[in-house]
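Working notes, structure below.
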Amino acid sequence: QADIFKYAIDLRSITQGRGTFSLKFSHYEEVPANIVQEIIAKSKEEEEDKK
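This is the structure we're talking about:
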């Protein structure tokens with residue numbers, strides 16, 4: 001989702017604020033394994049910080 005926000009900012013910049021786009025949900029996709037591991041590690045770290 002962060003990529004979408006960056007796209008919106010870049011589009012406005014390139015078109016001097018006149019460009020627009022719309023977003024429509026297409027489908028879910030499985031999260032790649034390397035990103036899953038990052039999410040799990042971050043979650044565990046946050047849980048440890050709460051203790």
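FYI, the numbering for the sequence shown is 1 to 51, going by the UniProt record's numbering.
Every residue gets a Cβ at the ideal spot worked out from N, C-alpha and C, and that includes glycine.
Beta-carbon gap between residue i and residue j smaller than 8 Å
{"i": "F21", "j": "L11", "result": "yes"}
{"i": "L23", "j": "I4", "result": "yes"}
Backbone secondary structure at residue i - three-state DSSP
{"i": "E30", "result": "coil"}
{"i": "F5", "result": "helix"}
{"i": "K51", "result": "coil"}
{"i": "K44", "result": "helix"}
Where the alpha helix (DSSP H) containing residue i begins and where it ends
{"i": "R18", "result": "Unbroken run through R18: none, as it is neither H nor E."}
Heavy atom of the ligand FAD within 7 Å of residue i beta-carbon
{"i": "A2", "result": "Within the structure as shown, the ligand FAD is missing, as the structure has no ligands at all."}
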